[in-house]
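See structure below.
Protein chains: 2
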Amino acid sequence: MSDVIAQLAAIVGEHNVILGEEQTPFLTDWLGKYRGRALAVVRPGSVDEVSAVMALCAEWNVPVVPQGGNTSLSGGATPDRTGEAVLLSLARMNRVRAVDPVGNTITVDAGVVLANVHTAASTADRFFPLSLGAEGSCTIGGNLAANAGGVAVLRYGTMRELTLGLEVVLSDGRVWDGLTALRKDNTGYALRDLFIGSEGTLGVITGAVLKLFPVPRARATAFVAVQDVNAALALLSIVRARGGDRLTAFEFMTGDTIALILKHVSGTRLPLETLPPAAVLMELSDTDDEVALIGRLEEVLASTIESGLVLDGALAQDGTQSKAFWRIREGVSEALVREGMAAKHDVSVPTAALGAFVALADAGVKAALPGVRPIVFGHLGDGNLHYNLLPPVGLDQGRWTAEMPALTRLGPVVT
Amino acid sequence: MSDVIAQLAAIVGEHNVILGEEQTPFLTDWLGKYRGRALAVVRPGSVDEVSAVMALCAEWNVPVVPQGGNTSLSGGATPDRTGEAVLLSLARMNRVRAVDPVGNTITVDAGVVLANVHTAASTADRFFPLSLGAEGSCTIGGNLAANAGGVAVLRYGTMRELTLGLEVVLSDGRVWDGLTALRKDNTGYALRDLFIGSEGTLGVITGAVLKLFPVPRARATAFVAVQDVNAALALLSIVRARGGDRLTAFEFMTGDTIALILKHVSGTRLPLETLPPAAVLMELSDTDDEVALIGRLEEVLASTIESGLVLDGALAQDGTQSKAFWRIREGVSEALVREGMAAKHDVSVPTAALGAFVALADAGVKAALPGVRPIVFGHLGDGNLHYNLLPPVGLDQGRWTAEMPALTRLGPVVT
Numbered sequence: 001m002s003d004v005i006a007q008l009a010a011i012v013g014e015h016n017v018i019l020g021e022e023q024t025p026f027l028t029d030w031l032g033k034y035r036g037r038a039l040a041v042v043r044p045g046s047v048d049e050v051s052a053v054m055a056l057c058a059e060w061n062v063p064v065v066p067q068g069g070n071t072s073l074s075g076g077a078t079p080d081r082t083g084e085a086v087l088l089s090l091a092r093m094n095r096v097r098a099v100d101p102v103g104n105t106i107t108v109d110a111g112v113v114l115a116n117v118h119t120a121a122s123t124a125d126r127f128f129p130l131s132l133g134a135e136g137s138c139t140i141g142g143n144l145a146a147n148a149g150g151v152a153v154l155r156y157g158t159m160r161e162l163t164l165g166l167e168v169v170l171s172d173g174r175v176w177d178g179l180t181a182l183r184k185d186n187t188g189y190a191l192r193d194l195f196i197g198s199e200g201t202l203g204v205i206t207g208a209v210l211k212l213f214p215v216p217r218a219r220a221t222a223f224v225a226v227q228d229v230n231a232a233l234a235l236l237s238i239v240r241a242r243g244g245d246r247l248t249a250f251e252f253m254t255g256d257t258i259a260l261i262l263k264h265v266s267g268t269r270l271p272l273e274t275l276p277p278a279a280v281l282m283e284l285s286d287t288d289d290e291v292a293l294i295g296r297l298e299e300v301l302a303s304t305i306e307s308g309l310v311l312d313g314a315l316a317q318d319g320t321q322s323k324a325f326w327r328i329r330e331g332v333s334e335a336l337v338r339e340g341m342a343a344k345h346d347v348s349v350p351t352a353a354l355g356a357f358v359a360l361a362d363a364g365v366k367a368a369l370p371g372v373r374p375i376v377f378g379h380l381g382d383g384n385l386h387y388n389l390l391p392p393v394g395l396d397q398g399r400w401t402a403e404m405p406a407l408t409r410l411g412p413v414v415t
Numbered sequence: 001m002s003d004v005i006a007q008l009a010a011i012v013g014e015h016n017v018i019l020g021e022e023q024t025p026f027l028t029d030w031l032g033k034y035r036g037r038a039l040a041v042v043r044p045g046s047v048d049e050v051s052a053v054m055a056l057c058a059e060w061n062v063p064v065v066p067q068g069g070n071t072s073l074s075g076g077a078t079p080d081r082t083g084e085a086v087l088l089s090l091a092r093m094n095r096v097r098a099v100d101p102v103g104n105t106i107t108v109d110a111g112v113v114l115a116n117v118h119t120a121a122s123t124a125d126r127f128f129p130l131s132l133g134a135e136g137s138c139t140i141g142g143n144l145a146a147n148a149g150g151v152a153v154l155r156y157g158t159m160r161e162l163t164l165g166l167e168v169v170l171s172d173g174r175v176w177d178g179l180t181a182l183r184k185d186n187t188g189y190a191l192r193d194l195f196i197g198s199e200g201t202l203g204v205i206t207g208a209v210l211k212l213f214p215v216p217r218a219r220a221t222a223f224v225a226v227q228d229v230n231a232a233l234a235l236l237s238i239v240r241a242r243g244g245d246r247l248t249a250f251e252f253m254t255g256d257t258i259a260l261i262l263k264h265v266s267g268t269r270l271p272l273e274t275l276p277p278a279a280v281l282m283e284l285s286d287t288d289d290e291v292a293l294i295g296r297l298e299e300v301l302a303s304t305i306e307s308g309l310v311l312d313g314a315l316a317q318d319g320t321q322s323k324a325f326w327r328i329r330e331g332v333s334e335a336l337v338r339e340g341m342a343a344k345h346d347v348s349v350p351t352a353a354l355g356a357f358v359a360l361a362d363a364g365v366k367a368a369l370p371g372v373r374p375i376v377f378g379h380l381g382d383g384n385l386h387y388n389l390l391p392p393v394g395l396d397q398g399r400w401t402a403e404m405p406a407l408t409r410l411g412p413v414v415t
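Here it is, written out as structure tokens:
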């Protein structure tokens, strides 16, 4: 195996092959739930180096685990415990290759951090809409591998919809050049979409052409209390009919989720009088005319409070308040980590069946393990819910780890 | 072969197997450019029948050409001249299976005519955005097979972006059930996207779940004169920054294209004083407040006329005028058919390179065949242009047919 390591070092340079203790940060996932081992952590700096590494590993039959910002919550970027795999970190490939404000595209290396794509777009007076809690660390390659959604998916879609072209290194080292900037590309089969969402199993994404959008200069944000998922869905229907494409975020959280965030995340404060059974953080955005936009959201709130659908609500009066509302939603992962180890489920259900799903899941897990604490939140408009379970208070760690798989398998099928 | 025909009849019923002269409408493409022959035209009425037909044809090694509304302009739905293929018409599978206004989805048979999807959506107070000239005849299956774009692709994307799930019968008769209504479906590989745009080569699409949107109740439409493609692109950038998502159509036409339409399509009238070198039909739409929307478009027009970018412009004062503007754009296919046989090219180029493409292509074809008439129009915001060539006036048909392939091969490569 030292032969392989020597050859890897010949490709990427000795200081870009990491061995021993220094590997640790690459081998543990963000939640600390998964820990692996690796033959070597390899940090290529170019497509050619990735290609040579892949060809070498194919020749030696060495497994490769690609990794971007290592912010995965499901162990997708963590190697197994055999220590046989090469951990391929794309973090050094962090170049914004080009920004085209006429064609509204940005071309980037896979290792560019999402927040840096935001900055590059913004410098060209354009907007890249993918936004999620880990955006300061996660990379475009990981966003593509996971087909990330994030908080603006309701309006802009997932990474698949935000991508025009890809550059991928296949397992034998060949480079698949699909780095097109065409808005409509009907030549041949849509192989691009096979790589997006394939979690690195079909190849290593090394570059991408992404879509840019006009900058949304006006925002209106509200934090409102509702009874449950079904009330939130009814509200969504009303806001969507009234706001149309302006509705860019509609984030649902149960009261238990909010309580957990307020407990653990510093600087968060409930913008309502009392802890509600559930809440929605919603945002409208537009290219201009913030006054009209806020007025529009105010009207919707007034009429839905009137009708009893919304129990209470707060409208952000400025950017600072809006950020404070968002800090609640963005604090959820941190709050979960601080509270303990959650059984995590990222669930997609047809929107109309979300209420039934939550009711069935809650009943099922609580019957199976009394005291278990569902922490439920997510991008409601997409039918995408994070259905997490925390152990009953006081349950010991060993027992909880043993219970988790059975609880996960209880997930109801709702169509 | 009569065995095959008998077995086909046993599957779909004798009156749904068409032989002899009655096949003619199925065997000629819409432009009359392609003519084929078929063993039989078969009209299944259900997924099971499609499945049985495909299995039978696989067994007998009989080629199958799927056909929807037979509005293809490129011969994609016309069998070859051998007469060996079965022409599989999906036209009888024309059922809207379900409309879900909460989940914002519609589930349809592949043979449903696009305009009927519009109607079904509209009945549920929702909107399905794919819109193109042939919408009264073309079917969803064909729209999917071609990954159709249409006039609203700038805002809503192509059929790929408008589709959640598919049902496909594979070549051996197996049914691939991907009829999911999930907004975010990251389970497994995105096989769905392989079928979309595959022109029927990977299977026969029999059903689809499509996305619905809030109804755009307000529209503002303008028809404006510009110098050329580059001026149109500069205008697009301004309108997009100001209008954001409201910009739903931005259709470019050269002056020659407009002249051809005015000549051939009854009821069309130029809304400008003089025939411009080029024009753009643009439309903003919104969920409400038409007065504000029209005001916004008026401002953009005033400032761009002031700056000299827009040479002249007309703003629709009501729905009737807006329809009259659209009638010009929608008349282009009819005008082309009436004028003669065009060499047609549906071209995608990175948006920023469109001006260079048109200049190079015009120069190339005119040098190769003096008097040749480029008829250029398309969805500029998507980098998608229809670059058609009409023969020099007076050139005989045989010579034109002989010249066409060489002209097509002149297409410049611009990146």
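As you go down the protein sequences, you meet chains Z and P in turn.
Here the UniProt record's numbering is used: position 47 in the first sequence is 47, and no number is missing along the way.
Here the UniProt record's numbering is used: position 54 in the second sequence is 54, and no number is missing along the way.
Quick reminder that beta carbons are idealized off the backbone N, C-alpha and C, glycines included.
Using only alpha-carbon positions, find the residue among the options that is nearest to residue i.
| i | options | result |
| --- | --- | --- |
| Z:Thr257 | Z:Leu90, Z:Ala342 and Z:Leu166 | Z:Ala342 |
| Z:Arg327 | Z:Phe127, Z:Asn61, Z:Phe223 and Z:Val50 | Z:Phe223 |
| Z:Arg217 | Z:Val113, Z:Gly142, Z:Glu283 and Z:Ser237 | Z:Glu283 |
| P:Leu385 | P:Val347, P:Leu395 and P:Met93 | P:Val347 |
| Z:Lys323 | Z:Gly20, Z:Leu164, Z:Lys33 and Z:Gly267 | Z:Gly267 |
| P:Leu144 | P:Leu130, P:Val151, P:Pro405 and P:Gly136 | P:Leu130 |
| Z:Leu73 | Z:Leu336, Z:Glu403 and Z:Ser171 | Z:Leu336 |
| Z:Asp185 | P:Asn186, P:Ala146 and P:Asp318 | P:Ala146 |
| P:Leu369 | P:Pro392, P:Ala353 and P:Gly383 | P:Pro392 |
| Z:Asp318 | Z:Gly142, Z:Ala302, Z:Arg219 and Z:Ala55 | Z:Arg219 |
| Z:His379 | Z:Tyr156, Z:Val365 and Z:Pro276 | Z:Tyr156 |
| P:Val239 | P:Leu281, P:Ser137 and P:Trp60 | P:Leu281 |
| Z:Thr320 | Z:Val204, Z:Arg269 and Z:Ala52 | Z:Arg269 |
| P:Leu272 | P:Asp312, P:Leu297 and P:Leu301 | P:Asp312 |
| P:Asp3 | P:Gln23, P:Gly394 and P:Leu56 | P:Leu56 |
Are residue i and residue j close, meaning C-beta to C-beta below 8 Å?
| i | j | result |
| --- | --- | --- |
| P:Ala208 | P:Leu166 | yes |
| P:Leu235 | P:Thr304 | yes |
| Z:Val226 | Z:Ala259 | no |
| P:Thr180 | P:Leu194 | no |
| Z:Glu251 | Z:Val376 | no |
| P:Leu90 | P:Gly68 | yes |
| P:Tyr34 | P:Gly83 | no |
| Z:Val204 | Z:Met404 | no |
| P:Met253 | P:Arg329 | yes |
| Z:Leu390 | Z:Glu339 | yes |
| P:Ala85 | P:Val99 | no |
| P:Ala52 | P:Gly173 | yes |
Under 8 Å by Cβ, that's how I've got residue i and residue j pegged, so tell me the actual separation to the nearest angstrom.
| i | j | result |
| --- | --- | --- |
| P:Gly111 | P:Ser333 | Not really, about 22 Å apart at Cβ, beyond 8 Å. |
| Z:Thr206 | Z:Val50 | 5 Å |
| P:Asn94 | P:Asp109 | 6 Å |
| Z:Val102 | P:Leu154 | Not quite, the Cβ-Cβ distance comes to about 14 Å (not below 8 Å), so this is no contact. |
| P:Thr78 | P:Asp29 | 5 Å |
| Z:Leu202 | Z:Phe127 | That belief does not hold up - the Cβ atoms of Z:Leu202 and Z:Phe127 are roughly 30 Å apart, past 8 Å. |
| P:Leu354 | P:Gly398 | Between P:Gly398 and P:Leu354 the Cβ distance is about 34 Å, and since that is not below 8 Å, they are no contact. |
| Z:Val169 | Z:Ile140 | The pair is not a contact, with the Cβ atoms about 15 Å apart (cut-off 8 Å). |
Is it true that the segment 230 to 245 of chain Z meets the segment 194 to 202 of chain Z, where meeting means three or more beta-carbon pairs spaced less than 8 Å apart? no
Which residue spans inside the segment 103 to 130 of chain P form an unbroken beta strand (DSSP E) run of at least 3? 105 to 109
For the segment 149 to 160 of chain Z against the segment 177 to 194 of chain P, are there 3 or more C-beta pairs whose distance is under 8 Å? yes
Can you confirm whether the segment 353 to 361 of chain P touches the segment 284 to 291 of chain P when touching is taken to mean that 3 or more C-beta pairs between the two stretches lie within less than 8 Å? no
Whole runs of the beta strand (DSSP E) within the segment 204 to 271 of chain P, excluding any shorter than 3 residues: 204 to 211, 218 to 226 and 247 to 254
Check whether the segment 11 to 21 of chain Z touches the segment 35 to 46 of chain Z, taking contact to mean three or more Cβ pairs, one atom from each stretch, closer than 8 Å. yes
Uninterrupted beta strand (DSSP E) stretches inside the segment 323 to 406 of chain Z (no shorter than 3 residues): 346 to 348, 373 to 379 and 384 to 390
Write down every uninterrupted run of the alpha helix (DSSP H) in the segment 30 to 102 of chain Z whose length is 4 residues or greater and which is fully enclosed by it, in chain order. 47 to 60
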